[in-house]
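Quick note: to get the working numbering, add 2 to the position in the sequence shown (first position is 1).
C-beta atoms are modelled at their ideal positions from N, C-alpha and C, and glycine is treated no differently.
Given the structure is predicted, the values throughout are model-derived calculations rather than measurements.
Here is the structure we will look at.
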Amino acid sequence: MKTVVAIRHIEFEDLGFFEAPLKAAGYKVHYYDAGKDDLWTLDPLRTPLIVVLGGPMGVYEGDRYPFLKEELQIIRDRIAVDKPILGICLGAQLIAHALGARVYPGSAKEIGLSPIKLTDAGRLSPLSVIAPEQPVLHWHGDTFDLPRGATLLASTDAYPNQAFAVGRNILALQFHLEAGASIEEWIAGHSRELRSAGIDRDDLQRRVCKAAPGLNGVATQVLTAWLAKIDN
């Protein structure tokens, strides 16, 4: 059985809706908890697939969170030999930085449900199943420049770089297709951030729970389509 390693930065931000399609595709899921598990024991080239999940820290905080430097090296090693890697939120930002792009605090928090706009390339990618009216969950304050050689797949009015790909094996998503199943834990864990951003936590929870079935379906379709394209 193939193994997917998910690098997790905070306990409740896990694979979520992505776990079922990964298992359906024949992957055994193994988590590495950054800051707890020794990332140096992870062989970046022997693992069939790595998913780098989200987290509250910034890519530029490597001195405060030394494991971010280890993750960047793992990502660079995989990119160098074109091994499959998926980055979500912080994971997407780490991929962008590993490719030489700038990662920095954005002008405002983008938290909540709203649609994305697919580019022409995005409409030909695994993201093509995301309808124009389909909201996805956004939860970030940092952003990144599009790396050289990357293909932009999606944007929003607030942040133009929402998803990109490099070839068929590298996919970076700023937004959270995987979230929804554990949204109550997200909201409880990030309650201070929500208060600071002036967001009603109860309203956000109601909206995400209502949208969860649709989000689950989209997440499954997107990931299944991407897994069918990557090198195994």
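Item                                                                                                           : Value
Length of the line joining the Cα atoms of Cys211 and Arg203                                                   : 12 angstroms
Distance CB(Ile81)-CB(Leu55) smaller than 7 angstroms                                                          : no
Contact set for Thr226: own chain, Cβ-Cβ below 6 angstroms, skip 5 residues either direction                   : Pro23
Proximity winner among Phe19, Ala8 and Ser193, relative to Thr222 (alpha-carbon distances)                     : Phe19
Nearest neighbour of Glu72, chosen from Ser116, Asp40, Gly143 and Asp122 [CA to CA]                            : Asp40
Coil, strand or helix - Phe166 by DSSP                                                                         : strand
Per-residue DSSP class, three states only, for Thr49                                                           : coil
Coil, strand or helix - Lys38 by DSSP                                                                          : coil
Option in Arg170, Pro149, Gly216 and Leu70 with minimal Cα separation from Val138                              : Gly216
When Glu15, Arg10, Ser116 and Lys25 are compared against Lys4, the one with the closest alpha-carbon           : Lys25
Inter-residue CB distance, Val53 and Val6 (contact presumed, cutoff 8 angstroms)                               : 6 angstroms
Straight-line Cα distance separating Val224 from Asn163                                                        : 18 angstroms
Exposed unless 16 or more other CB atoms sit within 10 angstroms - verdict on Trp42                            : exposed
Per-residue burial, His32 [other beta carbons within 10 Å of its own, 16 or more giving buried]                : exposed
Bounding residues of the alpha helix (DSSP H) (the contiguous stretch that carries Lys212)                     : Arg203 to Lys231
The alpha helix (DSSP H) enclosing Gly93, as first and last residue numbers                                    : Leu92 to Ala100
Enclosing beta strand (DSSP E) for Asp144 [first to last residue]                                              : Pro137 to Phe146
Reduced DSSP category for Val31 - H, G, I as helix; E, B as strand; rest coil                                  : strand
Helix, strand or coil at Pro58 [DSSP, three-state]                                                             : coil
Ile97 and Arg170 closer than 7 angstroms at C-beta                                                             : no
Backbone CA spacing between Arg10 and Ala110 [nearest angstrom]                                                : 25 angstroms
Touching by the beta-carbon criterion (3+ pairs, under 8 angstroms), the region 179-189 and the region 138-148 : yes
Continuous beta strand (DSSP E) stretch holding Leu154: start and end                                          : Thr153 to Ser157
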